[in-house]
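In the numbering used here, the protein residues as written are 42 to 105.
Positions of the beta carbon are idealized from the N, C-alpha and C atoms, including for glycine.
See structure below.
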């Protein structure tokens, strides 16, 4: 009777460990997604700044 109960306990423990690891992976993936989204916004902002700088440079070149 000991070994079947031991096997059930080990199975439950294994599932608990997998559950904890799944939660950690989910949290890490969510943080990565937030960082990627933030990086995308920063890149868009930098591209807009570059466009404005290029337009002002073109106007300055036209006045010469």
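Rounded separation between residue 43 and residue 50 - CA only: In a straight line, the C-alpha of residue 43 is about 11 Å away from that of residue 50.
Residue 105 - DSSP class collapsed to helix/strand/coil: coil
Under the three-state DSSP convention, the category residue 51 falls into: helix
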